[in-house]
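Peer 1: Note that the protein sequences, when read in sequence, are chains A and B.
Each residue of the first sequence is one higher than the last, beginning at 24 in the numbering used here.
Each residue of the second sequence is one higher than the last, beginning at 2 in the numbering used here.
Cβ coordinates follow ideal geometry from the N, Cα and C atoms, glycine included.
Have a look at this one before I ask anything.
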Amino acid sequence: MADEVVDHGRRRFLTVTTAAVGGIGVVAAAVPFVESWQPSARARAAGAPVTQSLKKIEPGQQLIVAWRSLPIFIVNRTPQQLATLPKLNPRLVDPNSDVGQQPAYAKNETRSIKPQWLVMIGICTHLGCVPDYKGKIEPEPFDPNWQGGFYCPCHHSHYDIAGRVYKNMPAPKNMEIPAYHFIDDTTVQIGVDPKGAA
Amino acid sequence: MSNVWSNLGDWITERTPGMLPMYRKHMTEYYAPKNFNLWYYFGSLALLVLVAQIITGIFLTMNYNPSAAGAFDSVQYIMRDVEWGWLIRYMHSTGASLFFIVVFLHMFRGIIYGSFKRPRELVWLLGMLIFLVLMAEAFMGYVLPWGNMSFWGAKVIISLFGTIPVIGTHLVEWIMGDFLPGDATLNRFFALHVVALPIVLLLLVVLHIAALHEVGSNNPDGVDVKHGVKGNRWSPLAPADGIPFHPYYTVKDLVGVGFLLLIAAFIIFFAPTLGGWFLEPDNSIAANNLVTPAQIKPVWYFSPFYAIVRMVPSFMDTAVWGVIAMFGSIFVLFAMPWLDRSPVKSIRYRGRGYKIALTVFVIAFLGLCAVGTDTTAEVIPAWFGDVDVTFWENLFGRLMTLLYFGFFVFLWAYTYFGWETTKPVPDRVTTHD
Chain A
24 MADEVVDHGR RRFLTVTTAA VGGIGVVAAA VPFVESWQPS ARARAAGAPV TQSLKKIEPG
84 QQLIVAWRSL PIFIVNRTPQ QLATLPKLNP RLVDPNSDVG QQPAYAKNET RSIKPQWLVM
144 IGICTHLGCV PDYKGKIEPE PFDPNWQGGF YCPCHHSHYD IAGRVYKNMP APKNMEIPAY
204 HFIDDTTVQI GVDPKGAA
Chain B
2 MSNVWSNLGD WITERTPGML PMYRKHMTEY YAPKNFNLWY YFGSLALLVL VAQIITGIFL
62 TMNYNPSAAG AFDSVQYIMR DVEWGWLIRY MHSTGASLFF IVVFLHMFRG IIYGSFKRPR
122 ELVWLLGMLI FLVLMAEAFM GYVLPWGNMS FWGAKVIISL FGTIPVIGTH LVEWIMGDFL
182 PGDATLNRFF ALHVVALPIV LLLLVVLHIA ALHEVGSNNP DGVDVKHGVK GNRWSPLAPA
242 DGIPFHPYYT VKDLVGVGFL LLIAAFIIFF APTLGGWFLE PDNSIAANNL VTPAQIKPVW
302 YFSPFYAIVR MVPSFMDTAV WGVIAMFGSI FVLFAMPWLD RSPVKSIRYR GRGYKIALTV
362 FVIAFLGLCA VGTDTTAEVI PAWFGDVDVT FWENLFGRLM TLLYFGFFVF LWAYTYFGWE
422 TTKPVPDRVT THD
């Protein structure tokens with residue numbers, strides 16, 4: 024044994040290939056464990072559309088419904104509230120909704136299908152809190168010139184009554200508008216696009 | 002009788018010959034510098050709190066139910082119905098905050114006496130890893146009671162990963178196992194909090210101590226005791242300025258243990274929530290994904306880092322910058338051994354610029370703590386009346402953020418370009434006889 028010549032090239036080749044094959048095996052074995060953290064079939068199935076009647080929402084009122092466990096804000100906007108929208112443009116990050124935070128059918132001044140009805144995912148685009156509805160056009164502690172909208176209690180981002188974010192806030196984008204459509208004049212379905220829309 | 006015991010001792014030693022030498026190496030013949038001061042309590046105290054957290058934690062799991070439907074109620078059950086359950090839970094919740102107090106002071110000790118410097122870089126790096134794992138452990142533990150602050154804290158912290166471009170949204174769903182924090186999230190956090198991370202933590206602590214005992218402890222003078230004058234009353238080969246860890250420092254540490262337990266007992270019995278600082282009022286309300294608490298603020302020990310997220314504004318359509326800055330504020334500490342190039346370890350012999358910079362750093366850390374806990378949001382209107390709170394809070398918080406990072410930049414430049422005028426370091430510790 025002792026006088027056998029050691030073939031170092033062969034030994035290194037075997038070491039490297041053994042390690043490589045073993046490494047591939049470890050990575051392959053890790054896949055099921057990593058994938059087990061994905062949302063389960065049950066969690067994915069829970070994301071069905073939600074239907075909501077609008078009859079009992081008074082002008083200026085907000086209703087929050089859950090869709091996919093997300094808070095969906097439905098606001099019956101008054102003409103006074105809608106009148107603030109064009110005035111606020113210079114104070115907003117994305118007044119024309121150029122960033123893709125809404126379906127094409129809601130890319131307009133009011134960010135909605137019908138101007139009166141705001142349907143929006145009530146989640147701050149900063150870190151996912153639910154902003155408070157501060158709909159009244161009156162001085163607030165955080166803004167003496169408040170024009171009505173949404174105020175995030177977590178990091179104090181301000182949004183207008185169409186969910187458009189003010190400049191110099193922690194939040195980077197306007198709040199997201201979900202896919203929704205009107206089944207009839209007073210009933211909305213969240214999670215499904217209007218017929219004909221992409 | 003004594004014969005029986007010594008026979009038993011011999012019997013064990015024959016079968017595990019390594020045990021006694023190991024005990025001697027780390028206890029009776031580990032020669033630590035004789036000039037340790039108050040700052041040197043916090044290492045052993047951190048170990049004490051770790052053990053306390055593990056014991057109280059094990060007993061909490063016996064009655065805790067890790068499900069979105071049952072978690073909140075099971076914690077109320079522990080508090081009201083389980084015999085002494087309230088005490089065990091308050092020990093655990095108070096222990097969490099005390100852990101961070103002790104660890105922050107332990108880290109600060111390392112900074113002022115240059116304990117992170119050569120040859121102890123690895124000790125520092127392992128310690129920083131412990132700190133990182135401890136933060137994850139504390140965060141996941143905070144989620145388990147499934148109060149409203151648990152839920153929203155989880156949502157906000159997990160959303161930090163959502164700011165990462167391209168993979169962000171998917172990553173968040175992967176961490177939560179759902180579209181919102183729920184059963185899946187709670188269960189995996191429970192598994193990590195009670196099984197996976199404690200094991201990692203214990204392993205890192207063992208490595209931290211092993212690495213320390215290999216190079217030897219630093220001391221308030223920053224003097225190299227191990228390679229200095231030899232010969233003390235225990236051994237002619239041992240460092241002259243070293244004394245055996247056991248019994249000298251174990252006895253000294255016992256005083257610290259008594260003091261810490263006294264403080265802990267006072268908090269546990271008289272102020273378990275510490276006015277909302279250790280346990281937040283909103284967490285006494287069950288988790289509700291449709292109602293955000295009026296104020297979402299992290300527990301105090303995360304607040305300085307969290308304040309940095311808030312203070313960095315979004316630009317280029319993304320909020321990722323604040324998250325990068327927050328992680329950066331922790332990771333920059335890993336680089337301390339390479340940022341601080343001063344040959345002098347201890348603050349006692351360092352230049353005035355260093356002392357001023359360190360003071361500013363401490364102020365910045367506490368200032369960020371004030372921003373993160375919303376203390377500034379309360380204090381500014383109270384002190385200055387009708388002013389634009391957001392503006393002044395942002396101005397203050399951004400200044401503190403700049404000073405926090407500025408410390409590291411200054412420290413590097415100050416020591417790299419040799420601007421520091423140090424005092425001569427003595428050959429032996431200043432209190433030797």
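For Val54 (chain A), would you say it is in contact with chain B, using Cβ-to-Cβ distances shorter than 7 angstroms as the test?
Peer 2: Locating residue 54 (chain A) in the first sequence gives position 31, counting from the first residue. So, not an interface residue.
Peer 1: For Trp140 (chain A), which of helix, strand or coil comes out of DSSP?
Peer 2: Within the first sequence, the letter at position 117 stands for residue 140 (chain A). Three-state result, Trp140 (chain A): strand.
Peer 1: Taking only runs of the beta strand (DSSP E) that begin and end inside the region 7–92 of chain B, which ones reach a length of at least 3 residues, in chain order?
Peer 2: Whole beta strand (DSSP E) segments, 3+ residues: 32–34.
Peer 1: Give the C-beta separation of Thr402 (chain B) and Trp301 (chain B) to the nearest angstrom, bearing in mind that I take them to be a contact with Cβ-Cβ under 8 angstroms.
Peer 2: One-based indexing of the second sequence puts residue 402 (chain B) at position 401. One-based indexing of the second sequence puts residue 301 (chain B) at position 300. Incorrect: roughly 18 angstroms between the Cβ atoms, too far for contact.
Peer 1: Can you check whether the C-beta of Ser120 (chain A) is within less than 7 angstroms of a C-beta belonging to chain D?
Peer 2: No chain D is present in this structure, whose protein chains are A and B.
Peer 1: Can you check whether the CB of Leu238 (chain B) is closer than 7 angstroms to the CB of Lys231 (chain B)?
Peer 2: Counting from one through the second sequence, the residue named residue 231 (chain B) turns up at place 230. Counting from one through the second sequence, the residue named residue 238 (chain B) turns up at place 237. Cβ atoms of Lys231 (chain B) and Leu238 (chain B): closer than 7 angstroms.
Peer 1: Identify, in the order they occur along the chain, each residue of the same chain with its Cβ nearer than 6 angstroms to the Cβ of Ala221 (chain A), setting aside the five sequence neighbours on each side.
Peer 2: Within the first sequence, the letter at position 198 stands for residue 221 (chain A). Residue confidence for Ala221 (chain A) is low, a pLDDT of 49 falling below 50, so the modelled location carries little weight; the figure read from the coordinates is stated next. So the list is empty, once near-sequence residues are dropped.
Peer 1: According to DSSP, is Gln212 (chain A) part of a helix, a strand, or is it coil?
Peer 2: The residue given as residue 212 (chain A) occupies position 189 in the first sequence. Correct three-state label for Gln212 (chain A): strand.
Peer 1: Using a C-beta to C-beta distance shorter than 7 angstroms, which residues of chain B count as neighbours of Ile87 (chain A)?
Peer 2: Residue 87 (chain A) sits at position 64 when you count from the first residue of the first sequence. By Cβ distance, chain B contributes Leu291.
Peer 1: Go through its chain and collect everything with a Cβ distance to Val104 (chain B)'s Cβ below 6 angstroms, but skip five positions before and after it.
Peer 2: As a working note, residue 104 (chain B) is residue 103 in the second sequence. The answer, listed in chain order, is Ala47.
Peer 1: From the DSSP output, which residues share a beta bridge with Thr319 (chain B)?
Peer 2: Numbered from its first residue, the second sequence carries residue 319 (chain B) at position 318. Bridge partners of Thr319 (chain B): B:Phe316.
Peer 1: In the structure shown, what three-state DSSP assignment does Ala221 (chain A) receive?
Peer 2: For this step, residue 221 (chain A) is matched to residue 198 along the first sequence. Low per-residue confidence applies at Ala221 (chain A): pLDDT is 49, beneath 50, and the placement is therefore not dependable, though the value from the model is reported in the following sentence. Note: Ala221 (chain A) maps to coil in three-state DSSP.
Peer 1: Given a limit of 9 angstroms on CB to CB distance, which residues of the region 143–165 of chain B reach chain A?
Peer 2: Against chain A - using a Cβ distance shorter than 9 angstroms - the residues of the region 143–165 of chain B are Trp153, Lys156, Val157, Ile158, Ile159, Ser160, Leu161, Gly163 and Thr164.
Peer 1: Would Arg91 (chain A) pass as an interface residue toward chain B - the criterion being a Cβ-Cβ separation below 7 angstroms?
Peer 2: Within the first sequence, residue 91 (chain A) is the residue found at index 68, counting from 1. Yes, Arg91 (chain A) counts as interfacial toward chain B.
Peer 1: Following the continuous alpha helix (DSSP H) through Tyr417 (chain B), name the residue where it begins and the one where it ends.
Peer 2: Start at 1 with the first residue of the second sequence, and residue 417 (chain B) comes out as number 416. Note, Tyr417 (chain B): alpha helix (DSSP H), Val390 to Tyr417.
Peer 1: Exposed or buried, Arg67 (chain A), counting other C-beta atoms within 10 Å across all chains shown (16 or more means buried)?
Peer 2: Position 44 of the first sequence, counted from the first residue, corresponds to residue 67 (chain A). Exposed is the call here.
Peer 1: Report yes or no: do the region 376–383 of chain B and the region 135–146 of chain B share at least 3 C-beta pairs separated by less than 8 angstroms?
Peer 2: The region 376–383 of chain B vs the region 135–146 of chain B: no contact.
Peer 1: Nearest chain A C-beta to Leu181 (chain B) closer than 7 angstroms, yes or no?
Peer 2: Here the question's residue 181 (chain B) lines up with position 180 in the second sequence. Cβ-Cβ to chain A under 7 angstroms: yes for Leu181 (chain B).
Peer 1: Going by C-alpha to C-alpha distance, which of B:Ile55, B:His214 and B:Ile158 sits closest to Thr29 (chain B)?
Peer 2: Working through the second sequence from its first residue, we reach residue 29 (chain B) at position 28. When only C-alpha atoms are compared, the closest one is B:His214.
Peer 1: In chain A, what lies closer than 8 angstroms to Asp318 (chain B) by C-beta?
Peer 2: Working through the second sequence from its first residue, we reach residue 318 (chain B) at position 317. The answer, in chain order, is Val122, Pro195 and Lys196.
Peer 1: By the DSSP assignment, the alpha helix (DSSP H) with Tyr359 (chain B) in it spans what residues?
Peer 2: Position 358 of the second sequence, counting from 1, holds the residue named residue 359 (chain B). Before going on, a small fix: residue 359 (chain B) reads as Leu here, not Tyr. Per DSSP, Leu359 (chain B) belongs to the alpha helix (DSSP H) from Arg353 to Gly373.
Peer 1: When the Cα atoms are used, what is the spatial distance from Glu58 (chain A) to Phe180 (chain B)?
Peer 2: On the first sequence, position 35 is the one that residue 58 (chain A) refers to. On the second sequence, position 179 is the one that residue 180 (chain B) refers to. So the alpha carbons of these two residues sit roughly 16 angstroms apart.
Peer 1: Does any CB atom of chain A fall closer than 7 angstroms to the CB of Glu421 (chain B)?
Peer 2: Within the second sequence, residue 421 (chain B) is the residue found at index 420, counting from 1. Closer than 7 angstroms: no.
Peer 1: Would you say Gln170 (chain A) lies against chain B (beta-carbon separation less than 7 angstroms)?
Peer 2: On the first sequence, residue 170 (chain A) is found 147 positions in, with the first residue counted as 1. False, the Cβ-Cβ gap to chain B never drops below 7 angstroms.
Peer 1: Closer than 8 angstroms between beta carbons: that is the criterion. Which residues of the region 179–210 of chain B meet it against chain A?
Peer 2: Listed by position, the residues of the region 179–210 of chain B near chain A (Cβ gap below 8 angstroms) are Asp179, Phe180, Leu181, Gly183, Ala185 and Arg189.
Peer 1: Could you give the distance in angstroms between the alpha-carbon of Met150 (chain B) and the alpha-carbon of Ala51 (chain A)?
Peer 2: As a position in the second sequence, residue 150 (chain B) is number 149, starting the count at 1. As a position in the first sequence, residue 51 (chain A) is number 28, starting the count at 1. If I take the Cα positions, the gap works out to 38 angstroms.
Peer 1: In the DSSP assignment, what residue or residues form a beta bridge with Trp132 (chain A)?
Peer 2: In the first sequence, the residue the question calls residue 132 (chain A) occupies position 109. Going by the sequence as given, residue 132 (chain A) is Glu instead of Trp. Looking at the DSSP assignment, Glu132 (chain A) forms no beta bridge with any residue, so it has no partner.
Peer 1: In chain B, which residues lie less than 8 angstroms from Pro176 (chain A) when you measure between Cβ atoms?
Peer 2: Taking the first sequence and counting its residues from 1, one reaches residue 176 (chain A) at position 153. Correct list: Thr293, Pro294, Ala295, Gln296 and Ile297.
Peer 1: Give the DSSP-derived three-state secondary structure of Asn119 (chain A) in the structure shown.
Peer 2: Within the first sequence, the letter at position 96 stands for residue 119 (chain A). In the structure shown, Asn119 (chain A) sits in coil (DSSP, three-state: anything other than H, G, I, E or B).
Peer 1: Around the C-beta of Val430 (chain B), are 16 or more other C-beta atoms found within 10 angstroms, so that it is buried, or is it exposed?
Peer 2: Within the second sequence, residue 430 (chain B) is the residue found at index 429, counting from 1. Under this definition Val430 (chain B) is a buried residue.
Peer 1: Check whether the Cβ of Ser304 (chain B) lies closer than 7 angstroms to any Cβ atom in chain A.
Peer 2: Locating residue 304 (chain B) in the second sequence gives position 303, where the first residue counts as 1. Judged by the 7 angstroms Cβ criterion, Ser304 (chain B) is not in contact with chain A.
Peer 1: Kindly indicate the opening and closing residues of the alpha helix (DSSP H) around Leu37 (chain A).
Peer 2: Here residue 37 (chain A) corresponds to residue number 14 of the first sequence, with the count starting at 1. Counting along the chain, the alpha helix (DSSP H) containing Leu37 (chain A) begins and ends at His31 to Glu58.
Peer 1: Determine contact between the region 77–96 of chain A and the region 151–164 of chain A, defined as no fewer than three beta-carbon pairs at a distance below 8 angstroms.
Peer 2: Judged by Cβ distances under 8 angstroms, the region 77–96 of chain A makes contact with the region 151–164 of chain A, as three or more pairs qualify.
Peer 1: Assess, as a yes-or-no matter, whether the region 176–186 of chain A is touched by the region 99–110 of chain A under the definition of 3 or more beta carbon pairs within less than 8 angstroms.
Peer 2: As far as the Cβ criterion goes, the region 99–110 of chain A touches the region 176–186 of chain A, which means the pair count is three or higher.
Peer 1: Relative to the alpha-carbon of Leu133 (chain B), which residue among B:Gly329, B:Leu340 and B:Pro120 has its alpha-carbon at the smallest distance?
Peer 2: To locate residue 133 (chain B), count along the second sequence from 1; it is residue 132. Out of B:Gly329, B:Leu340 and B:Pro120, B:Gly329 has the C-alpha closest to the C-alpha of Leu133 (chain B).
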